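Reading through the structure tokens given below for one structure.
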């Protein structure tokens, strides 16, 4: 009997330990499930809030379009001076302006995540090239090896490009689903038209008071 009692006592300790482990596991599992449910609920709430505010996505998209047009406008304004310096310089600004305007039109009419990502990457590259020519040297053409000065117009163009990159990144992070629009619908989009008029006014005013040298 003593031996049996001792054995039972030893196994009883293991049994209690096992039960304690099961209880702890159940409690931990319940807490984890509750945390997961809370996290999912918060995610769903954020998703609903985001969907309930489509005007944010629309404003960001209009910002991308206006910024691209603004940067293109500056590049067109400085293009004649750069053609006088070298054909390759003028051609660069002409092609860049055409691409930015084309991208803006495509985004306004047929937006997509690929288009946003392409515009973001391309304008980051343009900003990087601009910084290189101001801080290091012009990489090609007659001005190769020299550094360009900072001017009001190139700072304005870069500001537009930074705004474009920021707006496109925000749309990508938000996983925005932007509707397709017809050209007629865009003409009646008052926020977009107002943004384009404001951008054009800023470009014209800056070019008039601080023309490219």
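Residue numbers (my numbering): 386 to 598. Using N, Cα and C, we set each Cβ at its ideal position, and we do this for glycine too. Here the structure is a predicted model, which is why all the values come from computation and not from measurement.
Next item on the list: Could you tell me whether the segment 551-567 touches the segment 443-450, using the rule of 3 or more Cβ pairs below 8 Å?
Entry: yes
Notebook entry, point to check: When DSSP labels each residue in this structure, what does residue 529 get in the three-state scheme?
Noted result: strand
Next item on the list: Count the CB pairs spanning the segment 454-461 and the segment 476-489 that are closer than 8 Å, and state whether there are at least three.
Entry: yes
Next item on the list: Round the Cβ separation of residue 500 and residue 493 to the nearest angstrom and send it over; I've been treating them as touching at under 8 Å.
Entry: Contact flag wrong, Cβ pair sits at about 10 Å.
Next item on the list: Indicate the three-state DSSP secondary structure (helix, strand or coil) for residue 523 in the structure shown.
Entry: strand
Check: Touching or not, the segment 471-479 and the segment 555-574, by the rule of three or more beta carbon pairs under 8 Å?
Finding: no
Item checked: Run of the alpha helix (DSSP H) containing residue 572, from where it starts to where it stops -> 568-572
Margin query: Excluding the 5 residues flanking residue 505 on each side, which residues of the same chain have their C-beta closer than 8 Å to its C-beta?
Written below: 549, 550, 553, 554 and 557
Check: If residue 533 and residue 508 are in contact, beta carbons under 8 Å, what's the gap, nearest whole angstrom?
Finding: No, residue 533 and residue 508 are not in contact; Cβ-Cβ is about 19 Å, not under 8 Å.
Note to self: Whole angstroms are fine: how far does the CA of residue 525 sit from the CA of residue 496?
What the structure shows: 35 Å
Next item on the list: Give the straight-line distance between the Cα atoms of residue 512 and residue 470, rounded to the nearest whole angstrom.
Entry: 21 Å
Checklist line | Classification of residue 535 by the beta-carbon crowding that lies within 10 angstroms, buried from 16 upward | finding: exposed
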